[in-house]
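S.K.:
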Amino acid sequence: MSKASKNETVLIVGASGTVGSELVRLLKADGYQTRAVTSQKAKVGSGQVYANLATGEGLSAAFEGVDRAYLLSPPGYADQHKILSPLIQEAKRRGLKKVVLMTAMGANANEASPLRRAEVELEKSGLTYNIIRPNWFMQNFNTFWVQGIREQHVIALPAGTARTSFIDARDISAVAARLLVDDGLSGKAFDLTGPSAVTHAEAAAAISSATGLSVRYQDIEPKVLKDGLLSAGLPADYVEFMILIFGFLKEGYSAGLTSSVKDILGREPHSLTQYVQDYKKSWS
Ligand SMILES: NC(=O)c1ccc[n+]([C@@H]2O[C@H](COP(=O)([O-])OP(=O)(O)OC[C@H]3O[C@@H](n4cnc5c(N)ncnc54)[C@H](OP(=O)(O)O)[C@@H]3O)[C@@H](O)[C@H]2O)c1
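Using the numbering used here, you'd call the opening residue of the sequence shown number 14 and step up by one each time.
So, in structure tokens, the structure goes:
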């Protein structure tokens, strides 16, 4: 199995994000050179490079001297193909040795969806690649939904009683780190899930038992979430995308389990119980 040499440079898009920040940490700990993409022009520090994926500014320069890259489309953009296509083309132009693209579980259910079109573009690019399609992140409970949990002790979402095989984002980072430097599994797409599928009410109960708070799940109409996201300032087309994927979740499409994390890492993915223990300070 061929492996990246330690003097290769790995470009990480979304490097300050949930998956990317841990991915940078893991690659550095393993002795690899990392280059972290940020859109915060004024704050670019050592090991970072400025690029704005929405405008294309800085994108080509960010790939200068890069050997491998981890790509994602940041939240907020409904046309993920428009964001990802220039990145894939730049990776191709520069002849990168490997690209790992993170999309989302279910992205390949519709060939016309922007995420799937990005996947197909990478598959057909001639680049050595992997695609990772994680399910809903456990970490949404300590990021997107944290305010409701802290302030009202409630998780209010249009998820019904459907089960979701939430994945701990730390496992996604570990998988991405492995695939970026190991070429043995190249050319494959992996759906990534946690070890079990739980309802949002069960997730609320797990947070309750870790924190001592009485957190409950409240099922809401999609329109209520839609209005909340719009008033939080999210773009209307991205809000429509969120409502669409919550509809899939509620219909049970996010409940499936895969063995991909164990297959790739040789260990079980983190459980929800472990996640809530490790993050319990987030909710207090
Ligand atoms: N949350 C879930 O349940 C879930 C499930 C499946 C798939 N996903 C996928 O996961 C991805 C998000 O990953 P994540 O949660 O690790 O990221 P994240 O925490 O949301 O962070 C997004 C990153 O993108 C960067 N960014 C934002 N706008 C940018 C721009 N215009 N140009 C360049 N960089 C920009 C930000 O860094 P700077 O501020 O430094 O620029 C930030 O680090 C999305 O593609 C989403 O579809 C999420």
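Here a beta-carbon is modelled for each residue, glycine too, at the ideal position from N, C-alpha and C.
Within 10 Å of its beta-carbon, does Asp240 have 16 or more other beta-carbons around it, so buried, or fewer, so exposed?
M.R.: exposed
S.K.: Going by other Cβ atoms of all chains shown within 10 Å of its Cβ, with 16 needed for buried, is Thr206 buried or exposed?
M.R.: buried
S.K.: Between Asn121 and ligand 1, is there a pair consisting of the residue's CB and a ligand heavy atom that are separated by less than 8 Å?
M.R.: no
S.K.: Where does Pro127 sit, in a helix, a strand or coil, going by DSSP?
M.R.: helix
S.K.: If you measure from the CB of Thr53, is any heavy atom of ligand 1 nearer than 8 Å?
M.R.: Rather than Thr, the amino acid found at residue 53 in this sequence is Gln. Gln53: yes, Cβ under 8 Å from ligand 1.
S.K.: Determine the burial state of Asn143: buried for a count of at least 16 other Cβ atoms within 10 Å of its Cβ, exposed for fewer.
M.R.: buried
S.K.: Is Ser273 near ligand 1, going by C-beta to nearest heavy atom under 8 Å?
M.R.: no
S.K.: Using a Cβ-Cβ cut-off of 6 Å (strictly less than) and excluding sequence neighbours within five positions of Gly265, which residues of its own chain qualify?
M.R.: Ala175
S.K.: Below 8 Å CB to CB, which residues in the same chain sit around Phe262 once its five sequence neighbours on both sides are set aside?
M.R.: Looking at the sequence shown, residue 262 is not Phe but Leu. If we look at Leu262 and ignore the five residues flanking it on each side, its Cβ neighbours are Trp149, Ala172, Ala175 and Thr177.
S.K.: At a cut-off of 8 Å, is Phe150 close to ligand 1 when judged by its beta-carbon and the heavy atoms of the ligand?
M.R.: yes
S.K.: List the endpoints of the continuous beta strand (DSSP E) containing Gln290.
M.R.: First-last for Gln290: Leu285 to Asp291, but that is the alpha helix (DSSP H), not the beta strand (DSSP E).
S.K.: How many angstroms separate the CA atom of Ile277 from the CA atom of Thr31?
M.R.: 20 Å
S.K.: Quick one: grab the DSSP three-state call for Asn143.
M.R.: Looking at Asn143 - three-state DSSP - the assignment turns out to be strand.
S.K.: Helix, strand or coil: which one does DSSP assign to Arg191?
M.R.: helix
S.K.: State the DSSP-derived secondary structure class of Val211, mapped to helix, strand or coil.
M.R.: If DSSP states are grouped into helix, strand and coil, Val211 belongs with the strands.
S.K.: Beta carbon of Tyr83, beta carbon of Ala218: below 9 Å?
M.R.: No, the pair does not count as a contact, with Cβ atoms beyond the cut-off.
S.K.: Using a threshold of 9 Å, state whether the C-beta atoms of Gly27 and Leu85 are closer than that.
M.R.: yes
S.K.: If you compare alpha carbons, which of Arg183, Arg106, Pro235 and Val289 is closest to Ala223?
M.R.: Cα-wise, what sits closest to Ala223 is Val289.
S.K.: Just tell me which of Ser138, Lys137 and Ala117 has its CA closest to the CA of Leu128.
M.R.: Ala117
S.K.: Inspect the beta-carbon positions of Leu198 and Arg81 and report whether they are closer than 9 Å.
M.R.: no
S.K.: What residues are listed by DSSP as bridge partners for Pro236?
M.R.: One point to set straight first is that residue 236 is Lys, not Pro, in the sequence displayed. Paired residues: none, contrary to the question.
S.K.: Anyone know if the C-beta pair for Asp204 and Thr271 falls short of 9 Å?
M.R.: yes
S.K.: Among Gly200, Gln231, Lys201 and Ala202, which one has its Cα closest to the Cα of Ala214?
M.R.: Of the candidates Gly200, Gln231, Lys201 and Ala202, the one whose C-alpha sits nearest the C-alpha of Ala214 is Gln231.
S.K.: Under the three-state reduction of DSSP, which class applies to Arg3: helix, strand or coil?
M.R.: Only positions 14 to 297 of the chain appear in this structure, which leaves residue 3 out of reach.
S.K.: Can you grab the Cα-Cα spacing for the pair Ser15 / Lys111, in whole Å?
M.R.: 11 Å
S.K.: Can you grab the Cα-Cα spacing for the pair Lys56 / Ser29, in whole Å?
M.R.: Each residue's CA atom was taken as its position, placing Lys56 and Ser29 some 12 Å apart.
S.K.: Could you spell out where the alpha helix (DSSP H) holding Thr177 opens and where it closes?
M.R.: First-last for Thr177: undefined, no H or E at that position.
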